[in-house]
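Mapping of the sequence shown onto my numbering: residues 3 to 319, in sequence order.
Report on one structure; see the data block that follows.
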Amino acid sequence: MIQSLSIVIPIYNSEKSLPILLERLGNQLPRLAEHWEVILVNDGSPDRSWQVIQGALASHAWLRAIDLMRNYGQHNALLCGIRNAQHEVIVTMDDDLQNPPDEIGGLLAKLQEGYDVVYGYPREESHGLLRNLASRITKKVLQAGMGVDVASRVSSFRAFRAEVREGFEGYRGAFVSIDVLLSWSTARFAAIPVNNPPRELGESNYTLRKLIAHALNMVTGFSIVPLQIASILGFGFAVFGMGTLGYVVVLYVINGGSIPGFPFLASLISIFSGVQLFSLGILGEYLARIHFRTMDRPCYAVRTERTSTTKPGGPAK
3 MIQSLSIVIP IYNSEKSLPI LLERLGNQLP RLAEHWEVIL VNDGSPDRSW
53 QVIQGALASH AWLRAIDLMR NYGQHNALLC GIRNAQHEVI VTMDDDLQNP
103 PDEIGGLLAK LQEGYDVVYG YPREESHGLL RNLASRITKK VLQAGMGVDV
153 ASRVSSFRAF RAEVREGFEG YRGAFVSIDV LLSWSTARFA AIPVNNPPRE
203 LGESNYTLRK LIAHALNMVT GFSIVPLQIA SILGFGFAVF GMGTLGYVVV
253 LYVINGGSIP GFPFLASLIS IFSGVQLFSL GILGEYLARI HFRTMDRPCY
303 AVRTERTSTT KPGGPAK
């Protein structure tokens with residue numbers, strides 16, 4: 003059992019699953035820590051999630067709630083909750099019941115082996131083919147941004163020491179990836195397999211389009227891989243162009259006269275133009291992020307914060 007524990011959960015369209023999740027957490031957390039809290043961050047849910055949270059505050063002494071001004075995204079909501087966590091170990095999890103509270107103990111046990119961050123990755127993928135494929139691609143992109151091998155097994159179910167957040171305490175960018183921010187502070191990562199049951203209620207809010215957008219935000223917001231790709235493409239086609247010029251000159255010297263082949267020439271021009279536009283597009287993405295950073299756009303804005311209205315009976319600090 004650890005000394006103190008903060009659970010951070012971003013909430014979006016969870017009015018049905020939230021009461022079940024809180025009940026399971028209430029049964030499990032007394033076995034894991036002497037003091038604990040659960041922070042629910044309502045990420046602009048259009049359903050009755052905030053009303054359900056307010057009702058839960060009246061019956062759970064260990065509950066805290068934050069209502070954001072609008073929907074900022076899962077990672078932005080997580081960042082808000084992480085910054086408000088008060089205890090020595092922080093666990094993040096989803097609100098859809100696919101991260102079982104009884105698996106938290108395994109994360110904490112692995113963390114006590116000397117790691118700073120521990121992920122719980124699913125033993126079996128429970129999504130469709132396209133969703134699983136998009137998830138794998140996203141994790142490959144994330145690996146480039148994090149620079150650690152465990153990136154291929156990251157998930158939203160993670161436990162880490164509170165001091166790790168000091169490495170991104172001053173981060174204010176509008177594009178947030180919690181996993182990349184964690185890698186700014188430590189290289190002591192680990193991952194363990196956990197049960198990942200099928201979603202019991204509702205549908206996933208992470209669509210294929212959102213996964214692709216998240217991957218693009220990560221790769222352009224937290225790494226220079228696209229710029230390196232553009233440089234390699236530019237260098238490669240420059241070498242190809244020089245080789246083509248040498249080929250034309252040699253044939254001219256040997257055979258004399260001009261070389262027929264307008265379609266070939268037009269194809270080369272199209273290829274070079276395409277590479278140039280592709281490279282300019284990558285530069286444009288980076289300039290856009292610089293533009294948003296100079297605007298000082300916040301990661302999130304809080305509408306209100308609430309704490310439990312019941313008297314703590316010992317478990318909550």
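Virtual Cβ for every residue (Gly too), placed ideally from N, Cα, C.
Contact under 9 Å by Cβ, residue i with residue j
i: residue 82; j: residue 175; result: no
i: residue 121; j: residue 194; result: yes
i: residue 49; j: residue 78; result: no
i: residue 88; j: residue 36; result: no
i: residue 97; j: residue 306; result: no
i: residue 4; j: residue 90; result: yes
i: residue 84; j: residue 180; result: yes
i: residue 108; j: residue 196; result: yes
i: residue 397; j: residue 198; result: The first residue shown for the chain is 3 and the last is 319, placing residue 397 beyond what the model contains.
i: residue 119; j: residue 184; result: yes
i: residue 43; j: residue 20; result: no
i: residue 243; j: residue 274; result: yes
i: residue 67; j: residue 41; result: yes
i: residue 7; j: residue 110; result: yes
i: residue 104; j: residue 155; result: no
For residue j and residue i, the rounded distance between their alpha carbons
i: residue 164; j: residue 281; result: 40 Å
i: residue 112; j: residue 172; result: 28 Å
i: residue 254; j: residue 267; result: 16 Å
i: residue 56; j: residue 308; result: 8 Å
i: residue 278; j: residue 249; result: 23 Å
i: residue 32; j: residue 304; result: 30 Å
i: residue 62; j: residue 72; result: 25 Å
i: residue 76; j: residue 52; result: 16 Å
i: residue 288; j: residue 228; result: 9 Å
i: residue 182; j: residue 299; result: 19 Å
i: residue 22; j: residue 239; result: 58 Å
i: residue 285; j: residue 123; result: 34 Å
i: residue 106; j: residue 58; result: 22 Å
i: residue 102; j: residue 34; result: 14 Å
i: residue 241; j: residue 283; result: 22 Å
i: residue 252; j: residue 276; result: 27 Å
i: residue 187; j: residue 65; result: 28 Å
i: residue 192; j: residue 152; result: 7 Å
i: residue 54; j: residue 30; result: 21 Å
Collapsed DSSP secondary structure at residue i in the structure displayed
i: residue 111; result: helix
i: residue 299; result: coil
i: residue 46; result: coil
i: residue 163; result: strand
i: residue 117; result: coil
i: residue 290; result: helix
i: residue 229; result: helix
i: residue 238; result: helix
i: residue 251; result: helix
i: residue 177; result: coil
i: residue 32; result: helix
i: residue 158; result: coil
i: residue 8; result: strand
i: residue 188; result: coil
i: residue 26; result: helix
i: residue 195; result: strand
i: residue 124; result: strand
i: residue 39; result: strand
i: residue 315; result: Here residue 315 scores only 40 on pLDDT, less than 50, and its place in the model should not be relied on; the value that follows carries that caveat. Residue 315: coil per DSSP, three-state reduction.
i: residue 307; result: strand
i: residue 15; result: coil
i: residue 3; result: coil
i: residue 21; result: helix
i: residue 171; result: coil
Residue i CB to nearest heavy atom of the ligand MN below 8 Å
i: residue 119; result: With respect to small molecules bound, the structure shown includes none, and the ligand MN cannot be examined in it.
Any chain B beta carbon closer than 9 Å to residue i
i: residue 171; result: Of the protein chains in this structure there is only one, and it is not chain B.
Would you check if the stretch 230 to 238 and the stretch 157 to 167 touch, i.e. whether three or more CB-CB distances between them fall below 8 Å?
Contact fails: fewer than three Cβ-Cβ distances are below 8 Å.
Beta strand (DSSP E) runs contained entirely in the stretch 52 to 110, provided each spans 3 or more residues:
65 to 70, 91 to 94
Is there contact between the stretch 97 to 111 and the stretch 7 to 19, where contact requires at least three CB pairs shorter than 8 Å?
yes
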